[in-house]
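Only one structure is covered here, and it is reproduced in the block below.
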Amino acid sequence: MATSSLVSLISKKIIKPSIQTPLPLRSHKLSFLDQVFDMSIPFAFFYPKTDGDKSSDEPSHVSQLLENSLSKALSYYYPYAGKIKDDCIVDCNDVGVEVSNVRVHCPMSEILKHPYIDAENVAFPQPLPWNHPNEGNLAVAQVSYFDCGGIAVGGCLSHKIGDACTISNFFYNWGILSRDKSVMPSPHFVGESIYPQSNDPSVVSTIKPEEPTKYLGKRFVFPAAKVNALKAKFSFDSGVQNPTRTEVVSTLIYKCALAARTRNFGSFKQSSLFQVSYMRERHNPPLSQDASGNIVSGFSVDTTNERDVNCPRLVSELRNEKKKLDQDKARAIENAFISEVVDSIEKGRSPFNNDMLDYYFCLSLNAFPLYKTDFGWGKPTRVSLATGPFNRWFHLMDNQSGGGIEAIIMLGELDMSVFETDPALLEFATPIPNH
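For the sequence shown, full-length UniProt numbering gives the first residue as 1, with consecutive numbering after it.
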């Protein structure tokens, strides 16, 4: 869906932190992981028109409210208002964040009913939302006003400053500050204290997003009752007690994606399911959710032949790998992303790029307050992450009603055409929108 013709600019301005960053915090040293990532993490929150005071929904009022609260949020999340220097530090000089106010010339429903999520790009401040902001900026934001009166708040924040946990907390706290300016969020940026900075320039910006030209993003909802049915089925067959929502849903998606790939490819290709893991609770000692930065690692399960594509087996393997990550604190320090980057440099290839192996990635956002992000208009009707960052990528998050899973799936066009009609998937999941 072509979205650029639907959007016209109302205004654009730079928003600076409400309080100057203290001198001791002015130089934010990047960690090894910060150096590696060269992308944004985009989020957009869609809010339908409210029935309250119409004057409070006027663009001028909304813009002032959001700009004031963003300014306060940036005083706590100060690195996003700075600039990168020499690929190793952020100069937290309070240059600010660019915010655009735009008019979207269609009702919000027209965007949300589109079968693929690329239509939701109207809510993001740059054409390729997963790309790193230009000119050394570390965040850009956009407020979108739809013809129907609905509003979307979107932003693209640098992965060099923080992971999805950090960025979801940023939006959540921005929302709180829009409703109560007396609140004092307490993010704590860990810098390089966990993953010390590398002096090797070849590691810098080695993980970049792919341009979404050959793959599609589609949203599916697994209702709570269906998730519970999956958990019961896979627990009985695998012997894993109380498998998590992420374990059962990711393995079903992976199985159906491999089936689509095999059908289109003509034969089975060795694959690996890589599960991104947040390490705050696994750190020794554990860190709070306010710990900000890239505090992530991961683990993988390989499938070398079609016999391995068995959901109970995959659930059992995922649980075993997760236990290793939980029990072996040293592995948490080694870090799967760092190991992959170092190995890829030694072998002269890009990270997670292997001609003999297809990587599939799962990122679970279930623990994050995405559908609780409230700027004063209640909970969002939809949360978007845009199309990306890679082909064969699964985003999982809580659904609106709770207990279930909302999954955003990235697959190549041919694979998606098979995947989205797979009866094994549709027994438990409903495409959104459901045509």
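In this text, a Cβ means the ideal position worked out from N, Cα and C, and glycines have one as well.
query, result
"Rounded to whole angstroms, what is the Cα-Cα separation between L33 and C148?", "42 angstroms"
"If you draw a straight line from the alpha carbon of P48 to that of S297, how long is it in whole angstroms?", "36 angstroms"
"Going by C-alpha distance, which of E98, I405 and D237 is nearest E135?", "E98"
"Just to check my reading of the structure: F419 and A260 have Cβ atoms closer than 8 angstroms, yes? What is that Cβ distance to the nearest angstrom?", "4 angstroms"
"Which residues bound the alpha helix (DSSP H) around residue 438?", "Because the chain in this structure spans residues 1 to 435, residue 438 falls outside the shown range and cannot be described."
"Rounded to whole angstroms, what's the CA-CA distance from S205 to I111? Just pull it up for me.", "33 angstroms"
"Can you tell me whether T421 is buried or exposed? The criterion is at least 16 other CB atoms within 10 Å of its CB, across all chains shown.", "exposed"
"Per DSSP, K269 forms a beta bridge with which residues?", "The partner list for K269 (beta bridge, DSSP) is empty, contrary to what the question assumes."
"I'd like the list of long-range same chain contacts for G293, defined as Cβ closer than 6 angstroms, with 5 residues on each side in sequence excluded.", "G162, F189 and V190"
"Would you mind sorting L314 into buried or exposed? The rule is 16 or more other CB atoms within 10 Å of its CB.", "buried"
"Does DSSP classify H435 as helix, strand or coil?", "Summary for H435: the model assigns pLDDT 46, below 50, so the residue's position carries little reliability, and this model does not support an answer."
"Could you name the residues that DSSP lists as bridge partners for L318?", "Its beta-bridge partners do not exist; DSSP assigns none."
"In the DSSP assignment, find the beta strand (DSSP E) that holds R219 and state where it starts and stops.", "Y215 to F222"
"Within this structure, are the beta carbons of L74 and G96 separated by less than 9 angstroms?", "yes"
"Does DSSP put F428 in a helix, a strand or coil?", "coil"
"Which two residues bound the contiguous beta strand (DSSP E) that contains M108?", "Element bounds for M108: not the beta strand (DSSP E) but the alpha helix (DSSP H), M108 to L112."
"Output the boundary residues of the alpha helix (DSSP H) element that contains T303.", "That residue, T303, is in no alpha helix (DSSP H); its beta strand (DSSP E) goes V296 to T303."
"Taking the alpha carbon of K85 as the point to measure from, which residue in S8, D237 and H28 has its own alpha carbon closest?", "H28"
"Out of curiosity, what's the CA-to-CA distance linking A424 and V104?", "38 angstroms"
"Count the other C-beta atoms from every protein chain shown that fall within 10 angstroms of the C-beta of H435, then say buried if there are 16 or more, exposed otherwise.", "Below a pLDDT of 50, predicted positions are generally treated as unreliable, and H435, at 46, falls in that range; no measurement from the model is reported."
"Evaluate contact between the region 128 to 143 and the region 397 to 413, counting only Cβ atoms and requiring at least three cross-stretch pairs below 8 angstroms.", "no"
"Among the candidates S202, I151 and S235, whose CA atom is the shortest distance from the CA of residue 437?", "Examination of residue 437 is not possible in this model, given that the chain is present from 1 through 435 alone."
"Comparing C-alpha positions only, which one of D87, R179, G239 and H283 sits nearest to Q327?", "H283"
"Pick helix, strand or coil for S69, following the three-state DSSP scheme.", "helix"
"Per DSSP, which one or two residues make a beta bridge with G147?", "A small correction: the amino acid at residue 147 is Asp; Gly does not occupy that position in the sequence shown. DSSP, once it has assigned bridges, lists no residue as partnering D147."
"For A183, is the classification buried or exposed, using 16 other Cβ atoms within 10 angstroms of its Cβ as the cut-off for buried?", "Looking at the sequence itself, residue 183 is Val, so the reference to Ala does not match. So V183 ends up on the exposed side."
"Looking only at its own chain, which residues have a Cβ that is under 7 angstroms from the Cβ of M108, when we skip the five neighbours before and after it?", "F46, P48, F146, C148 and G150"
"Report the three-state DSSP secondary structure of residue 454 (helix, strand or coil).", "Shown here, the chain extends from 1 to 435; a query on residue 454 therefore has no answer."
"Could you tell me the boundaries of the alpha helix (DSSP H) in which V309 lies?", "No alpha helix (DSSP H) contains V309, which DSSP labels as neither H nor E."
"Please determine, among I15, P42 and K160, the residue with the shortest C-alpha to C-alpha distance to D94.", "I15"
"Which of the three DSSP states is assigned to H283 in this structure?", "coil"
"Can you tell me where the beta strand (DSSP E) holding D91 begins and where it ends?", "I89 to D91"
"Assuming V301 and L273 form a contact by the criterion Cβ under 8 angstroms, report the distance between their Cβ atoms to the nearest whole angstrom.", "5 angstroms"
"I'd like to check one pair, A407 with F234: are the Cβ atoms closer than 9 angstroms?", "no"
"Express the C-alpha separation of N310 and S238 in angstroms, rounding to a whole number.", "10 angstroms"
"Could you please give me the residues that DSSP links to Y254 through a beta bridge?", "Per DSSP, none; premise fails for Y254."
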